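First the structure, in the form of structure tokens, and then the observations on it.
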Amino acid sequence: MGDHHHGPAKGLSRWLFTTNHKDIGTMYLWFSFAMFILGGSFAMIIRAELFQPGMQLVDPLFFNQMTTLHGLVMVFGAIMPSFVGLANWMIPMMIGAPDMALPRMNNWSFWILPPAFLLLASTLFMDGGAPAFGWTFYAPLSTTYAAPSVTIFIFCIHVLGISSIMGSINIIATVMNLRAPGMTYMKMPLFVWTWLITAFLLVAVMPVLAGAVTMMLMDIHFGTSFFSAAGGGDPVLFQHVFWFFGHPEVYIIILPAFGVVSQIIPAFSRKPLFGYDSMVYATASIAFLSFIVWAHHMYTVGMPIAGELFFMYATMLIAVPTGVKVFNWISTMWRGALTFETPMLFSLGFLVLFTIGGFTGLMLSIAPADFQYHDSYFVVAHFHYVMVAGAVFSMTAAVYYWLPKWCGRMYNETMGKTHFWISFIGFNLTFFPQHFVGLAGMPRRIPDYALQFADFNMMSSIGAFIYGSSQILFLYNVIATIVAGKPTSDEKVWDGAEGLEWTVPTPAPYHTFETPPKIDPSHAHS
Amino acid sequence: MFLRAKRLTALALGPVLMLFGLLHAGTVAAAAKVNEVNMSPGATDVGQSIFDLHMTIFWICVIIGVLVFGVMFYSIYYHRKSRGVTPATFHESTKVEIAWTVVPFFILIGMAVPATSTLLEIYDFEDAEMDVLITGYQWKWKYEYLNESGENVAFFSNLRTPQSEIYNTADKGEHYLLEVDEPLVIPVDTKVRFLVTANDVIHAWWVPELAVKKDAIPGFINETWTHATEEGVYRGQCAELCGKDHGFMPIVVNVVSKEEYASWLSEKQAEAAEIKKLMAQTFSMDELMERGKSVYDRSCAACHGANGEGGLGKAIADSPIATGDLSGHLEVGINGVPGTAMQAFGGQLNDVDMAAVITYQRNAFGNNMGDMVQPIDVFNHKKG
Amino acid sequence: MIRISANPAIDTAIKLVAVAACMFAFVFVVMVPLYNVLCDALGINGKTSGQAYTAVQSGVDESRTVTIQFVATNNEGMPWEFSPSQTVMKVHPGASNDTVFTAYNPLPKNMVAQAIPSVSPSRAAAYFHKTECFCFNQQPLEGESSAEMPLVFIVDRDLPRDIHTITLSYTIFDVTDMAAGAVATR
Numbered sequence: 003m004g005d006h007h008h009g010p011a012k013g014l015s016r017w018l019f020t021t022n023h024k025d026i027g028t029m030y031l032w033f034s035f036a037m038f039i040l041g042g043s044f045a046m047i048i049r050a051e052l053f054q055p056g057m058q059l060v061d062p063l064f065f066n067q068m069t070t071l072h073g074l075v076m077v078f079g080a081i082m083p084s085f086v087g088l089a090n091w092m093i094p095m096m097i098g099a100p101d102m103a104l105p106r107m108n109n110w111s112f113w114i115l116p117p118a119f120l121l122l123a124s125t126l127f128m129d130g131g132a133p134a135f136g137w138t139f140y141a142p143l144s145t146t147y148a149a150p151s152v153t154i155f156i157f158c159i160h161v162l163g164i165s166s167i168m169g170s171i172n173i174i175a176t177v178m179n180l181r182a183p184g185m186t187y188m189k190m191p192l193f194v195w196t197w198l199i200t201a202f203l204l205v206a207v208m209p210v211l212a213g214a215v216t217m218m219l220m221d222i223h224f225g226t227s228f229f230s231a232a233g234g235g236d237p238v239l240f241q242h243v244f245w246f247f248g249h250p251e252v253y254i255i256i257l258p259a260f261g262v263v264s265q266i267i268p269a270f271s272r273k274p275l276f277g278y279d280s281m282v283y284a285t286a287s288i289a290f291l292s293f294i295v296w297a298h299h300m301y302t303v304g305m306p307i308a309g310e311l312f313f314m315y316a317t318m319l320i321a322v323p324t325g326v327k328v329f330n331w332i333s334t335m336w337r338g339a340l341t342f343e344t345p346m347l348f349s350l351g352f353l354v355l356f357t358i359g360g361f362t363g364l365m366l367s368i369a370p371a372d373f374q375y376h377d378s379y380f381v382v383a384h385f386h387y388v389m390v391a392g393a394v395f396s397m398t399a400a401v402y403y404w405l406p407k408w409c410g411r412m413y414n415e416t417m418g419k420t421h422f423w424i425s426f427i428g429f430n431l432t433f434f435p436q437h438f439v440g441l442a443g444m445p446r447r448i449p450d451y452a453l454q455f456a457d458f459n460m461m462s463s464i465g466a467f468i469y470g471s472s473q474i475l476f477l478y479n480v481i482a483t484i485v486a487g488k489p490t491s492d493e494k495v496w497d498g499a500e501g502l503e504w505t506v507p508t509p510a511p512y513h514t515f516e517t518p519p520k521i522d523p524s525h526a527h528s
Numbered sequence: 011m012f013l014r015a016k017r018l019t020a021l022a023l024g025p026v027l028m029l030f031g032l033l034h035a036g037t038v039a040a041a042a043k044v045n046e047v048n049m050s051p052g053a054t055d056v057g058q059s060i061f062d063l064h065m066t067i068f069w070i071c072v073i074i075g076v077l078v079f080g081v082m083f084y085s086i087y088y089h090r091k092s093r094g095v096t097p098a099t100f101h102e103s104t105k106v107e108i109a110w111t112v113v114p115f116f117i118l119i120g121m122a123v124p125a126t127s128t129l130l131e132i133y134d135f136e137d138a139e140m141d142v143l144i145t146g147y148q149w150k151w152k153y154e155y156l157n158e159s160g161e162n163v164a165f166f167s168n169l170r171t172p173q174s175e176i177y178n179t180a181d182k183g184e185h186y187l188l189e190v191d192e193p194l195v196i197p198v199d200t201k202v203r204f205l206v207t208a209n210d211v212i213h214a215w216w217v218p219e220l221a222v223k224k225d226a227i228p229g230f231i232n233e234t235w236t237h238a239t240e241e242g243v244y245r246g247q248c249a250e251l252c253g254k255d256h257g258f259m260p261i262v263v264n265v266v267s268k269e270e271y272a273s274w275l276s277e278k279q280a281e282a283a284e285i286k287k288l289m290a291q292t293f294s295m296d297e298l299m300e301r302g303k304s305v306y307d308r309s310c311a312a313c314h315g316a317n318g319e320g321g322l323g324k325a326i327a328d329s330p331i332a333t334g335d336l337s338g339h340l341e342v343g344i345n346g347v348p349g350t351a352m353q354a355f356g357g358q359l360n361d362v363d364m365a366a367v368i369t370y371q372r373n374a375f376g377n378n379m380g381d382m383v384q385p386i387d388v389f390n391h392k393k394g
Numbered sequence: 135m136i137r138i139s140a141n142p143a144i145d146t147a148i149k150l151v152a153v154a155a156c157m158f159a160f161v162f163v164v165m166v167p168l169y170n171v172l173c174d175a176l177g178i179n180g181k182t183s184g185q186a187y188t189a190v191q192s193g194v195d196e197s198r199t200v201t202i203q204f205v206a207t208n209n210e211g212m213p214w215e216f217s218p219s220q221t222v223m224k225v226h227p228g229a230s231n232d233t234v235f236t237a238y239n240p241l242p243k244n245m246v247a248q249a250i251p252s253v254s255p256s257r258a259a260a261y262f263h264k265t266e267c268f269c270f271n272q273q274p275l276e277g278e279s280s281a282e283m284p285l286v287f288i289v290d291r292d293l294p295r296d297i298h299t300i301t302l303s304y305t306i307f308d309v310t311d312m313a314a315g316a317v318a319t320r
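Chains as they are written, first to last, in our numbering: chain A, 3 to 528; chain B, 11 to 394; chain C, 135 to 320.
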């Protein structure tokens, strides 16, 4: 690391060989945005086909490939890497570290991602088509009955799993070892806390996903029968293994979003975060509970009643720490001095819509009622409220919030607010009616539907096109800011913002905190 | 055109409809309503319990939501910086924090009690008066009535909506995608136990109004039950992604009076006996062609096209198989083509239907082989 | 805390890699076997034991009768005609009962089948003991021939009193290719 005091290298090699956390963070963010657009265009195809009853644009098999790839790309390509990118940029700056603890590994964990997704996207052109078994890839549809591309899919899952594990190890190693003197755990910004817990979740469950796809691989190519009844295996075992990974995965996606919102709401309320300690404990409880609720995704597989009851009660419990978080955010706003710049708007959008998603989540946890909700559009509506309005809205808020610090230029506030309102309206128009069709009996993952669902589906599609196109405005706003935004050199871009990242110059120099900052011991957490 | 206009009106009125529908959710008729916004209590006591539970939880969520968002919007309005407020500095309150941890816990217990009792109601499988074995296939359902004495009545239930409606060359019917060639028939006021399994991949048998959803898992048997208290036609769909035509394997259940059911069952039994008799019979070309056309439309047209023009499957018109060696054609029909979507229909069609459809394929769509297949030929081919 | 590397960051990383490796192994050495053990013990999914039952029941409980339904299903691509010789039996807990399933292989080639049992209600599975069953082994059958496949079973005296009907389903799979290759792995 002899080049510490130099600026970035020139040309392509800067990006290929960089070990700088800001460069790598930037690459993660751009990559995830590209994946967001790719996954989004798959969603546009889905919504276009569902615009009217009848098959118009694609055939049913291709439709299934779209739903599958949309899920995989959004979860593993867009949301997860975007938060890893944010962690790369912000965690060292928030804890007063000069860089990530393992910079070279940081480079690898990013650079293995793009080839993996390129390969995954290339399966669209393979014989038999891309994976068409849903992002949950239940056996035996994904084993005995899958197209040959499933082997490529398994390889991709392995690669992105390794990438996630490496990224998480790096985050944990950084937080545990590189905090500036005086930066105790209970002084860390909440974003760092939520990411630390998320990273532990990732290290624990990504290997389980790897195990699941390894068993699939062995069943397909090496004659084992983990998931095939003929050889003494059990397709339901797959679901248990998958959801043992899958439920923590849901929190892996949402916890960093909680962290972001916990930074932004105090900043624009000009008041410290309410209940910092309980926020940390609530995050930890959610992470713990995520390991014992997985089978609530499987209420209809025919579990014994004792199992149904256990998983129902455990799932309902999650409402308690989640509620604590929502109450804390609102108390933070209470008697503050609020302003509503774009990051705050997206955070408030998050707060309202995530809470609605939380309510439907509570409804879904009720096993007997879930017999009617399960695998219907009600579920689709629910998880888009928590994934899109939850994770994506908070990520968008994060970009608007820290972009001026990153590039030393202000974004266009009017355009940002317009982006918010179009997103907010488009999102709700898309997903709110899906609650209705789901309750009325429309199953998910179908390319065509009965006539009584037609109107709401058309609304949904129109909403989706609105929400989708609002992202072009976002892209334009970000690029325009980087290229020609109004320059700013205030260290504290937002007057209410707290934290070490606001003590470094704007734009943040290539290297920050080469000598650790002094933390005022009397100062509470940031 | 009328449909489209209606749809656009509804679209404009959408948000109003939503509210209206939610408030009047309790008074839902059994028939499928356009733009329904809520779950139906359906035609069973269990369905009513689930519906009540659903509404209870829903209203609890609404009340909490109104309180939480009320406080939030109050703050958004009154604690704006533009009103010149000075921000407070408080950032914790142990009492309040304990309160909002404990109170939700008790609310949850309040929800868990009715949830548990409804679940116990659903899990009471005993004392069913009849059993039906439901088997999921890619992409149809098979129903088999377990009979203590004598033969089981069994049949397949396929999507009846023609390809022309799906591909928009014909107007869509009232029950578009929710209609089958042969519905499941069960008696009213009877506890019917369903044993659910699958032939290939995982499916899920879901009829909302009968309050039944159960996964059909190959190699394993699941059980569930219903007890319909109102006669009627109830429609549902496969709820677990099961491959290409997952969206095209609907479920229709006719709940009829006990008398009607008894006569339907004896008719089915007679029909089965009739088929047995027909097996030994010789048919004329016209008989075979007529029967063959209905079998073709039901079982072949989805992949091979209504006019044999092909689609997902190969064309039948002018195909080397349908215009080639008869035993080769029989082989494909009975045993399928391994490794392709062409399934073995030998186990799904009876010998009479198989004979008819092979004859039909060889003499329709411009094919003009002139040869006939009799049930005995199919029987012999199966024997080898 | 044991230190593996002098560099604290590398030390943390190595420990975390070990955690990840353990979680990967956990899937194979804990989750899968544990699932199978739990299924056998609790009858989750209606799985019954893959081994013959050898214990002796302490007499027949003639005070109650349990209805046993037999169901046969062919998995995809299995052309055999396969059915129970009796669809229903009424038995007393503790008594040994026997019945047969008949199979006919219509194809002109030798085939091997594996029958997979499943019991409903699943909580009855742990009380349904098979002392002899064609499902314990793969069943070869020559082309165009038929066979009677025996099943001997005992319903446990401890079967919960509220269970009056037990359904035993067999799904028959074509494992000719698998049997030709190697013995199927459990």
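Idealized CB from N, CA, C, for every residue including glycine.
What you are looking at is a predicted structure, and each value in this text was computed from that prediction instead of being measured.
The alpha helix (DSSP H) with residue i in it runs from where to where?
i	result
I117/B	T104 to I132
R372/B	D361 to N373
Q58/B	D55 to Y88
N172/A	V152 to N179
Which of the three DSSP states, helix, strand or coil, is assigned to residue i?
i	result
L33/B	Bear in mind that a pLDDT of 44 at L33/B, under 50, signals an unreliable position, so the number given afterwards is only what the model happens to contain. Residue state, collapsed to three classes: helix.
S309/B	helix
P260/B	strand
Q374/A	helix
K141/B	The sequence as given places Asp at residue 141/B; Lys does not occur at that position. Strand at D141/B.
T226/A	coil
G246/B	strand
N48/B	coil
T323/C	The structure shown does not extend to residue 323/C, since chain C is modelled only from 135 through 320, so no value can be given for it.
S280/C	strand
W216/B	strand
S254/C	strand
L130/A	As written in the sequence, residue 130/A is Gly, which differs from the Leu given in the question. Here G130/A sits in coil by DSSP.
Any Cβ of chain A within less than 8 Å of the Cβ of residue i?
i	result
Q169/C	The sequence given here has Tyr at residue 169/C, not Gln. Yes, Y169/C lies at the interface with chain A (some Cβ there is under 8 Å from its Cβ).
Closest to residue i by C-alpha separation, out of the options, would be which residue?
i	options	result
M185/A	V354/A, M96/A and F433/A	M96/A
I119/B	A321/A, F244/A and W195/A	A321/A
M283/C	I148/C, S230/C, L302/C and F216/C	F216/C
Tell me the residue span of the beta strand (DSSP E) that contains residue i.
i	result
I222/B	Here the sequence assigns Val to residue 222/B, which means Ile is not the residue at that position. Segment V222 to A226, the beta strand (DSSP E) holding V222/B.
D232/C	S230 to Y238
Y304/C	T299 to D308
With 8 Å set as the bound, which would you pick, yes or no: does the beta-carbon of residue i sit closer than that to a beta-carbon of chain B?
i	result
W17/A	no
S205/C	A quick correction: the sequence has Val, not Ser, at residue 205/C. Yes, V205/C counts as interfacial toward chain B.
Is the stretch 276 to 283 of chain B close to the stretch 81 to 94 of chain B, with three or more CB pairs under 8 Å? no
Is it the case that the stretch 77 to 85 of chain B contacts the stretch 249 to 257 of chain A, given that we only count it when at least three CB pairs across the two stretches are under 8 Å? no
contact_flag[the stretch 240 to 252 of chain C, the stretch 230 to 240 of chain A] where n(CB pairs < 8 Å) is 3 or more: yes
Quick test of the definition: if touching needs 3 or more C-beta pairs under 8 Å, does the stretch 172 to 182 of chain A touch the stretch 152 to 164 of chain A? no
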